[in-house]
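Inspection log for the structure reproduced underneath, given as structure tokens.
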Amino acid sequence: MTAGRGLLEWWNSYKHRFVPWIALQVHKRKLVKAGQLRAIPPVELQAAVGELVKYLDSVPVRTAIRDPFAPPSESAEIDRKCLADLVGFSLRVRKSRIPKSGRGVFVDRGVVQPDTLVALYPGTVYDAGEPVLLQSLANPYIIQCVDGCYIDGKSIGISRLIYKSCANRDFFHGHRWCDVSWLDTAAGIGLTNPYAVGQYVNNERLPEFEANVAYHEFEIPPEFDLKHRKYIPNVHFSPEKDRPLRMMALISLRSIRAGEELYSSYFTAFR
Numbered sequence: 001m002t003a004g005r006g007l008l009e010w011w012n013s014y015k016h017r018f019v020p021w022i023a024l025q026v027h028k029r030k031l032v033k034a035g036q037l038r039a040i041p042p043v044e045l046q047a048a049v050g051e052l053v054k055y056l057d058s059v060p061v062r063t064a065i066r067d068p069f070a071p072p073s074e075s076a077e078i079d080r081k082c083l084a085d086l087v088g089f090s091l092r093v094r095k096s097r098i099p100k101s102g103r104g105v106f107v108d109r110g111v112v113q114p115d116t117l118v119a120l121y122p123g124t125v126y127d128a129g130e131p132v133l134l135q136s137l138a139n140p141y142i143i144q145c146v147d148g149c150y151i152d153g154k155s156i157g158i159s160r161l162i163y164k165s166c167a168n169r170d171f172f173h174g175h176r177w178c179d180v181s182w183l184d185t186a187a188g189i190g191l192t193n194p195y196a197v198g199q200y201v202n203n204e205r206l207p208e209f210e211a212n213v214a215y216h217e218f219e220i221p222p223e224f225d226l227k228h229r230k231y232i233p234n235v236h237f238s239p240e241k242d243r244p245l246r247m248m249a250l251i252s253l254r255s256i257r258a259g260e261e262l263y264s265s266y267f268t269a270f271r
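In full-length UniProt numbering, the protein residues as written are 1 to 271.
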């Protein structure tokens, strides 16, 4: 009885990230709560990301205790207090308050205002029809967009290898095309973009753990400022650069204060 209950709890948590189950349910994702919450226009999300990367580019860094042979860009930690002063809040990944849910994302400093871009969902972006089955096996960090695209936010195993390979492939005139530091989120230091932690936001568990953020899909254009591409935690699986890049933002539904955990609903999404 206990084993059966434990298995049911695991499935109820995991099914929202299980690709075949998502494929069967994705049509519902277009409808659930879509008429009840405010959809942020994509142009506003693009502007919000543009402002965020400017903030990140202006925040001082400090030396972190890591591999002494790591490149300087990967051995620096953004001053979170300074970042919170600029953006209004900072985040931290630690053990979730939801039982048996692993890690979660918490507001570490400051206050998140309603309708604010709270976090980004990092990972390799697969267009509909591109091979993703192997990467999806036992992968709780892969999420499907409304139109059938996938974003794989897993930071280990084959998912990690694919993301790093695509990132190294896409250097452009000496500029990194995307952020790779989110792959080391577990270390908690050295993150180029500390808001690229959307993959660790857990699904709501009603009635105690109610959603306070919602997913919004949008795209950034290929002409996005090259200087700031290094803060974007997503990369195309295919090598084409001359098309928009799908991204997923988590937007606050209400005011969220320091110490609160972020909870989402996987089937509340806007595009």
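Yeah, the Cβ is synthetic: ideal placement off N, Cα and C, and Gly gets one too.
Fully enclosed beta strand (DSSP E) runs of no fewer than 3 residues occupy 213-220, 234-236, 245-252 of the stretch 210-258, in order along the chain. Of the candidates Arg205, Glu217, Arg109, the residue whose Cα lies closest to the Cα of Pro99 is Arg205. Excluding residues up to 5 positions away in sequence, Val112, Pro114, Thr116, Val118, Val213 lie with their Cβ nearer than 6 Å to the Cβ of Ser252 in the same chain. Beta-bridge analysis with DSSP links Leu91 to Val107. Per DSSP, Tyr55 lies in no beta strand (DSSP E) segment; the continuous alpha helix (DSSP H) that holds it begins and ends at 42-58. Secondary structure at Ile156: coil, using DSSP grouped into helix, strand and coil. Between Tyr231 and Asp179 a beta carbon distance of about 6 Å is seen, short of the 8 Å cut, so the two are scored as contacting. Listed in chain order, the non-local C-beta contacts of Ile158 below 7 Å within the same chain comprise Leu134, Gln135, local neighbours out to five positions each way being set aside. Distance from the Cα of Lys154 is smallest, within the candidate group Tyr121, Asp242, Arg97, Val87, for Tyr121.
In this structure Asn203 is buried. Its beta-carbon is surrounded by 16 or more other beta-carbon atoms within 10 angstroms.
DSSP places Asn168 in the helix class (H, G or I) of the three-state scheme. At a Cβ-Cβ threshold of 7 Å, Tyr55 and Val87 count as neighbours. As DSSP reads the structure, His175 sits in a beta bridge with Phe172. For Asp242, the closest C-alpha among the options Phe224, Leu45, Leu137 is that of Phe224.
7 Å or more divides the Cβ of Val132 from the Cβ of Tyr141. The continuous stretches of beta strand (DSSP E) do not include Gln135, which lies in the alpha helix (DSSP H) extending over residues 133-136.
Linking Val235 to Arg257 through their CA atoms gives a straight-line distance of about 31 Å. The C-beta distance from Val201 to Leu250 rounds to 6 Å, short enough to meet the 8 Å contact threshold.
Exclusion of the five residues before and after Val107 leaves Phe89, Ile256, Ala258, Glu260 as the residues of its chain whose Cβ lies within less than 6 Å of its Cβ.
According to DSSP, residue pairing for Leu117 in a beta bridge involves Ile251. Within the model, the alpha-carbon separation for Arg160 versus Glu51 is close to 28 Å. Around the beta carbon of Asn193, 16 or more other beta carbons sit within 10 angstroms, so the residue counts as buried. Tyr141: not part of any beta strand (DSSP E); DSSP gives it neither H nor E.
Of the candidates Ser181, Phe218, Ser101, Asn139, the residue whose Cα lies closest to the Cα of Val49 is Phe218.
By the CB criterion at 7 Å, Ala196 and Ser265 fall outside the cutoff. In its chain, beyond the 5 residues on either side, Asp127, Glu130 have a beta carbon closer than 8 Å to the beta carbon of Ser238. The alpha-carbon of Val93 is positioned some 20 Å away from that of Arg254. With at least 16 other beta carbons inside 10 angstroms of its own, Asn139 counts as buried.
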